[in-house]
Every structure is written in structure tokens, then in C-alpha cells.
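Take the sequence shown: its position 68, counting from 1, is numbered 69 in the numbering used here, and each next residue is one higher.
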Amino acid sequence: MNFALSQRTTKRWLLLILVPIFAFVLVFSPVSEAYAATTTYNNTLSAGAYAGSSPCTTSYPKIVHEVNVKNTTGSVYVYLQYKVGGTWKFTTGYGYKLTYWNTPFRITSTTKSSSTKYRVLIKAKNKSRVVVTCAGRK
């Protein structure tokens, strides 16, 4: 009888201690504001070649493309594009010149709608290995 009573009391004290700790952790834990980044392009481009990353969509209000140039001699120009109907349009009239010195580089844009597709158009100035990922943000 006393053994069963002490077990019940121990369980009660454990609950009184552990429940507030877990509640505190849940309340103050950071809320993720992005879904996991998806690799949309990972390839080596020869000098003068163009390539488009795979289309990416998000239901978040912003979309972020991260571009990495992975070798020490290459440089690329990148342009963010979105798809209207069957054609890709530029979000801006200018591109970003990237080398391994200034990557990873993040291009952030406000999304037009949750169904709009985005990609990065890459033009290699020199032979370059490029990796592009995309993710949504609040």
C-alpha cells in the first residue's frame, strides 16, 4: 500500500516538474520561417553557357534563391526570373556577377502568388560549377 502510494506521489511530482519545463521550451522555441531549401541546380557550366535552375514555388510571401560558385576560377552572372504563361520574365533588368569570393549569395524577392514559378538564369563567364537552392520565407 505504501509502495503504491509513493509511486503515485512520485509520478505526480514528476508531472508537476516536467510539464512546465516542456511548456516553457515550446513557448520560447524559435518558429521556423522557411521550408527546407531545395537544390534546383547543381552542375558545371562551360564558358559562355546559359542554364536555368529548376522552377521553384512557395506559399510564403518571399522566395530566396541561394547561389554558390564552387570553384576558384569561375564567375557567373545570375538573373532571377518568374514564369508567366509559357515564358520566363526577368524580375529586374540587371544581373548579379558572382565568383567564389562573394558566394553564397542570396537573392530575395517578394512572390507574386503562391502558384508563380521562379528560377535563376545563370550565364557562365568562365567554366564554373554552380549550385542553386531555393526556399520560402515569411
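Ideal Cβ placement from N, Cα and C applies to all residues, glycine included.
Remember, it's a predicted structure, so these values are computed and weren't measured experimentally.
Give the DSSP-derived three-state secondary structure of residue i in the structure shown.
i: Tyr101; result: helix
On the CB-based measure, 16 or more other CB atoms within 10 Å of its CB, does residue i come out buried or exposed?
i: Gly137; result: buried
i: Ala125; result: buried
i: Thr134; result: buried
i: Pro31; result: Because the pLDDT at Pro31 is just 48, under 50, the model does not fix this residue reliably, and the value given afterwards should be weighed accordingly. It counts as exposed.
i: Ile64; result: buried
i: Tyr119; result: buried
i: Val85; result: exposed
i: Ile108; result: buried
i: Tyr80; result: buried
Give me the residue from the options with the minimum Cα distance to residue i.
i: Thr41; options: Lys139, Thr74, Cys57, Val85; result: Cys57
i: Asn69; options: Ile18, Arg120, Val85, Asn43; result: Asn43
i: Gly53; options: Ala38, Lys71, Thr88, Tyr61; result: Thr88
i: Thr59; options: Thr117, Thr104, Gln82, Phe91; result: Thr117
i: Gly96; options: Leu122, Ala48, Val131; result: Leu122
i: Gly104; options: Lys113, Tyr78, Ser55; result: Reading off the sequence, residue 104 comes out as Thr, not Gly. Ranking the options by Cα distance to Thr104, first place goes to Tyr78.
Contact defined as beta carbons within less than 8 Å: I believe residue i pairs with residue j. What is the distance between those atoms, to the nearest angstrom?
i: Ser129; j: Leu46; result: 5 Å
i: Lys139; j: Tyr83; result: Actually they do not touch by this definition, with Cβ atoms about 19 Å apart.
i: Ser76; j: Thr100; result: 4 Å
Item to check | 4 or more residues per run - each alpha helix (DSSP H) lying fully within the region 36 to 99 | outcome: none
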